[in-house]
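Single-structure report; data block below.
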Amino acid sequence: MECINLAKEINKLKHKTMTTMELTTQQKNALKNGETLTLRNSFDGEGDLFTLWLGRWGHFNLEKNAVIVKSTKTLKPILNKLAIDGVLTELTEIN
316 MECINLAKEI
326 NKLKHKTMTT
336 MELTTQQKNA
346 LKNGETLTLR
356 NSFDGEGDLF
366 TLWLGRWGHF
376 NLEKNAVIVK
386 STKTLKPILN
396 KLAIDGVLTE
406 LTEIN
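Count along the sequence shown from 1, add 315, and you get the number used in the working numbering.
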């Protein structure tokens with residue numbers, strides 16, 4: 316029981332200290348023009364691979380290691396998810 320309560324407290328702290336990830340204007344424009352953003356959460360290439368794109372019907376889609384984990388009309392929930400996963404904006408590639 317104590318482990319479960321400790322895990323809940325850790326999650327609460329994560330969300331309180333979490334900062335929203337921000338995309339640059341160039342990255343936002345690329346998304347709107349149909350480009351795909353490739354994001355990483357590790358400098359050494361050993362971390363997770365994220366892909367973000369604007370899909371059909373105007374939904375932003377986020378893939379983590381080739382599995383879609385979020386699809387929303389706005390970017391804010393996706394950027395929050397990326398911040399939780401520790402994605403580094405300086406490693407973003409536009410494809």
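Just so you know, even glycine gets a beta-carbon here, dropped at the ideal spot from N, CA and C. Predicted model, so just to flag it, every value in this text is computed and none were measured.
- Between LEU346 and TRP368, the gap from beta carbon to beta carbon is short of 8 Å.
- Between VAL402 and the set PHE358, TRP372, LYS391, ASN410, the nearest pair of CA atoms involves PHE358.
- When C-alpha distances from GLU350 are compared across GLY370, VAL384, LYS396, PRO392, the shortest belongs to GLY370.
- If only uninterrupted alpha helix (DSSP H) runs of at least 4 residues are considered, none is enclosed by the segment 351 to 382.
- Residue pairing by DSSP puts GLU408 in a beta bridge opposite THR353.
- Judged by beta-carbon spacing, PHE365 lies beyond the 8 Å limit of LYS343, meaning their Cβ atoms are not closer than that value.
- Ranked by how close their Cα comes to the Cα of LYS391, the residues ASP363, LEU377, ILE383 have LEU377 in first place.
- Bridge partners of THR387 according to DSSP: PHE375.
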